[in-house]
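Residue numbers (this note's numbering): 184 to 338.
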């Protein structure tokens, strides 16, 4: 977007609200200034034109500061909520590691894969990554060397 403005390829930018430009106070101010200097009119659907007058500059500074503060507060709330969920032993989401499954919001060992996983570690320790990948493939589990390395280091 900034490159398009520098090349004079856009004349108007429409955003939902100023926080879509940046959640960092100073970065938002710099971007708005750069767009304005390149003749790009910035319009927020919820806040109106963001860069047409000197008063807009002051209001944008306040908006951008508010956006940054709001973003930090939201981040802290999410971190706190995740911490509580983790302390309760509940699963936080993301890719489930091979050998586990989610049951009632908790990560538990998948008993059907437990012997395969145990053998996987033994084969890797006594043979090689290639032998381990071949063993997994024989058991219907397709993994790359990189994925195998991640799984083995994530224990």
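C-beta atoms are modelled at their ideal positions from N, C-alpha and C, and glycine is treated no differently.
Would you call the CB atoms of residue i and residue j closer than 7 angstroms?
i: residue 233; j: residue 240; result: no
i: residue 281; j: residue 265; result: no
i: residue 319; j: residue 313; result: no
i: residue 207; j: residue 251; result: yes
i: residue 214; j: residue 204; result: yes
i: residue 189; j: residue 221; result: yes
i: residue 236; j: residue 200; result: no
i: residue 283; j: residue 293; result: yes
i: residue 273; j: residue 288; result: yes
How big is the Cα-Cα spacing for residue i and residue j?
i: residue 224; j: residue 184; result: 13 angstroms
i: residue 331; j: residue 267; result: 31 angstroms
i: residue 286; j: residue 299; result: 20 angstroms
i: residue 328; j: residue 309; result: 16 angstroms
i: residue 270; j: residue 257; result: 20 angstroms
i: residue 244; j: residue 295; result: 58 angstroms
On the CB-based measure, 16 or more other CB atoms within 10 Å of its CB, does residue i come out buried or exposed?
i: residue 211; result: buried
i: residue 246; result: buried
i: residue 316; result: buried
i: residue 334; result: buried
i: residue 216; result: exposed
i: residue 253; result: exposed
i: residue 322; result: exposed
Ranges of the alpha helix (DSSP H) found wholly within the segment 251-312, counting only runs of at least 4
297-309
List, from N- to C-terminal side, the beta strand (DSSP E) runs of 3 residues or more that fit wholly inside the segment 214-250. 224-227
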